[in-house]
Structure formats: structure tokens, C-alpha cells
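K.L.:
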């Protein structure tokens, strides 16, 4: 049985996978989703990776590791720490070796839609940002979600510390693990063009395109589950 380790992005939690999880379990797969310590102003991406590895204690090497959005900075650290079969970047912010997230944003300004910054407040004393404008979140992240799903997701968003985003990635190279990049072609948060370019240049990844927003795990869970199952089957 394959274990899907589902790693959430910034401001999110294990809850963000709750529509995808039963679809994978229905296909007789094991699913592990965890809450990363994103509110902790002293937790680095290495600490995030430790949390993921702890959640996989007792699992064998048949693990498909999935990182959504900023989870793309955690999954290569996990793959460096323990054996996994495959890594999937889902609308993932792929790291640049030797750089921090803030370095990337400075050097690659087209990576993110700047509108998102108008929707968050902070940083607070613990260097955390929090979403405060539901309309901007809807325009940038949830534009293909129905109203009920978008509203419920917005209410569950968590504070996200900037601290890990200020630290250079603690890897000198990407782990030698096969990977796939899933880009959503109507993503209004993370540039699809940027995503495809870095997937090719940094990872030499297979690229799979899905329609939809930056939140396909909420708007298109069936499509996400089908893609993950197909990747798992094709890499056996």
C-alpha cells in the first residue's frame, strides 16, 4: 500500500487536504496529512520537515510525498532525510538552492501575483502574517471555489511566520528522487509560466497541467486525487 504524505502550504493546515484524503483512501491508499508549525516564529523549514518525518514514522519507503504551494520548500528536505518513492509539487514553490524564499521573491518578482499582499496583515511581533481580506483571497486563491468552500477555507487560514522564508534552503542539491510538477493553468497566485520554467530548469520534472486555481485540492479534489493515483501507479 502506498502512503501519500500530504504537505500543506502557507497559512493552511492538514484540513486543506480533507476533500482529497477520502478519495485516496477509497482507492485503498494510506494518507498522512499533518499540521506544520507555521504559527511558530522560530520554526524553520527544517523543523517543518522534522514534523513530516515524524508523521511518517513506521511507514515503509513506498511514500509519495506531495507538497502544495509553500510545501514545495519542505518536501525536498523530507526526501533528503528519509526514503520516498516520488515527490509531487502541486502548484509548488520550488526552492532555489542557496536562496531563501524572500531572495527568490526579490530576484524573481514575476513568481507571485503582488495582489496577495493587499489581503494580509502583519508581520506581527512574531513575524507572522495573517489573511484579513476575504475578497482578495477569493480573487487570488479561491476564484474557482464555490462560495461556501471559499468562505469556509478563509475562516480556517492560520498565521504564517516569515522566519523560515528568510533562511536559505539547507540543501546543496535536490535529492535524487523522481519528481513531478502539477501546474494549475489558471493559478492567480503562483505564476503558471514561472512554475513550468522552474520545474524544467531546477528539477527536470515531468509537468502535468490541470485547469483551475491555486487551490485545486478544494475546488477540484477529484482531479487532484486522480492525478496523484496516476503518478503513483506509473512510478511503481
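Residue numbers (the UniProt record's numbering): 1 to 236. We put the CB at the ideal spot given by N, CA and C, even for glycine. From a predicted model like this one, the values you see are computed outputs, not experimental measurements.
#1: Residue 94 to residue 223, Cα distance in whole Å?
#2: Starting from residue 297, trace the beta strand (DSSP E) both ways and give me its first and last residue.
#3: With a threshold of 8 Å on Cβ separation, who are the neighbours of residue 151 within its own chain once the five nearest residues in sequence on each side are excluded?
#4: Suppose contacts are defined by Cβ-Cβ distances below 7 Å. Is residue 71 in contact with residue 143 by that definition?
#5: Determine which residues share a DSSP beta bridge with residue 128 and list them.
#6: Taking DSSP's pairing of strands, which residues face residue 96 in a bridge?
#7: In chain order, what residues of the same chain lie with their CB nearer than 6 Å to the CB of residue 167, ignoring the 5 residues before and after it?
#8: By DSSP's criteria, residue 89 is part of a beta bridge. Which residues make up the other side?
#9: Give the secondary structure of residue 3 by DSSP, where H, G and I count as helix, E and B as strand, and everything else as coil.
#10: Can you tell which of 32, 10, 160 has its C-alpha closest to the C-alpha of residue 189?
#11: Would you mind sorting residue 176 into buried or exposed? The rule is 16 or more other CB atoms within 10 Å of its CB.
#12: Just the C-alpha distance for residue 165 and residue 230, rounded to the nearest angstrom, thanks.
#13: Report all residues from its chain with a CB closer than 7 Å to the CB of residue 40; omit the five preceding and five following residues, and keep chain order.
#14: Which residue wins for smallest C-alpha separation from residue 136, given the options 127, 113, 46?
#15: Note down the Cα distance separating residue 35 from residue 14, rounded to an integer number of angstroms.
#16: Using CA atoms only, rank isn't needed, just tell me which of 104, 56, 123, 55 is closest to residue 237.
#17: Taking Cβ to Cβ, would you say residue 84 is nearer than 7 Å to residue 63?
#18: Measure the alpha-carbon distance for residue 199 versus residue 79 and round it to whole angstroms.
#19: Quickly, what does DSSP pair residue 121 with across the bridge? List them, please.
#20: Would you give the residue range spanned by the beta strand (DSSP E) that residue 30 belongs to?
#21: DSSP puts residue 112 in a beta bridge; with which residues?
#22: Given a threshold of 16 other Cβ atoms within 10 Å of its Cβ, counted over all protein chains shown, does residue 155 qualify as buried or as exposed?
#23: What's the gap between the Cα of residue 217 and the Cα of residue 227?
P.N.:
So, to answer that:
#1: Your numbering for residue 94 matches position 94 in the chain shown. Your numbering for residue 223 matches position 223 in the chain shown. Going by C-alpha positions, residue 94 is about 22 Å away from residue 223.
#2: The requested residue 297 is not part of the displayed model; the chain covers only 1 to 236.
#3: Counting from one through the chain shown, the residue named residue 151 turns up at place 151. Taken in chain order, the residues that qualify are 134.
#4: Position 71 of the chain shown, counting from 1, holds the residue named residue 71. Position 143 of the chain shown, counting from 1, holds the residue named residue 143. Taking the C-beta atoms as reference points, residue 143 is found no nearer than 7 Å to residue 71.
#5: Looking up residue 128 in the chain shown gives position 128. In the DSSP output, where bridge partners are listed per residue, residue 128 has 161.
#6: Translated into positions along the chain shown, residue 96 becomes position 96. Per DSSP, residue 96 has no beta bridge partner at all.
#7: If you number the chain shown from 1, residue 167 lands on position 167. Closer than 6 Å at the Cβ level, and outside the excluded window around residue 167, lie 44, 100.
#8: Residue mapping note: residue 89 aligns to position 89 of the chain shown, counting from 1. According to DSSP, residue 89 shares a beta bridge with 67, 181.
#9: Sequence index remark: in the chain shown, residue 3 carries index 3 (1-based). Strand at residue 3.
#10: Looking up residue 189 in the chain shown gives position 189. For residue 189, the closest alpha carbon among the candidates 32, 10, 160 is that of 10.
#11: As a working note, residue 176 is residue 176 in the chain shown. Label assigned to residue 176: exposed.
#12: The residue given as residue 165 occupies position 165 in the chain shown. The residue given as residue 230 occupies position 230 in the chain shown. Rounded to the nearest angstrom, the two C-alpha atoms are 32 Å apart.
#13: For this step, residue 40 is matched to residue 40 along the chain shown. If we look at residue 40 and ignore the five residues flanking it on each side, its Cβ neighbours are 161.
#14: Taking the chain shown and counting its residues from 1, one reaches residue 136 at position 136. Nearest to residue 136 by C-alpha distance, out of 127, 113, 46, is 113.
#15: In the chain shown, the residue the question calls residue 35 occupies position 35. In the chain shown, the residue the question calls residue 14 occupies position 14. Computed Cα separation, rounded: 5 Å.
#16: As displayed, the chain neither begins before 1 nor continues past 236, which places residue 237 out of reach and without an answer.
#17: For the purposes of this step, residue 84 is identified with residue 84 of the chain shown, where counting begins at 1. For the purposes of this step, residue 63 is identified with residue 63 of the chain shown, where counting begins at 1. If you check the CB distance, residue 84 and residue 63 come in under 7 Å.
#18: Residue numbering aside, residue 199 sits at position 199 when the chain shown is read from its first letter. Residue numbering aside, residue 79 sits at position 79 when the chain shown is read from its first letter. Their Cα atoms are separated by approximately 17 Å.
#19: If you number the chain shown from 1, residue 121 lands on position 121. For residue 121, which the question treats as bridged, DSSP gives the partners 130.
#20: For the purposes of this step, residue 30 is taken as residue 30 along the chain shown, with counting starting at 1. Run containing residue 30: 30-33, per the beta strand (DSSP E) assignment.
#21: Counted from its first residue, the chain shown places residue 112 at position 112. Residue 112 is bridged by DSSP to 190.
#22: Looking up residue 155 in the chain shown gives position 155. Around the CB of residue 155, fewer than 16 other CB atoms lie within 10 Å, so the residue is classed as exposed.
#23: On the chain shown, position 217 is the one that residue 217 refers to. On the chain shown, position 227 is the one that residue 227 refers to. Computed Cα separation, rounded: 11 Å.
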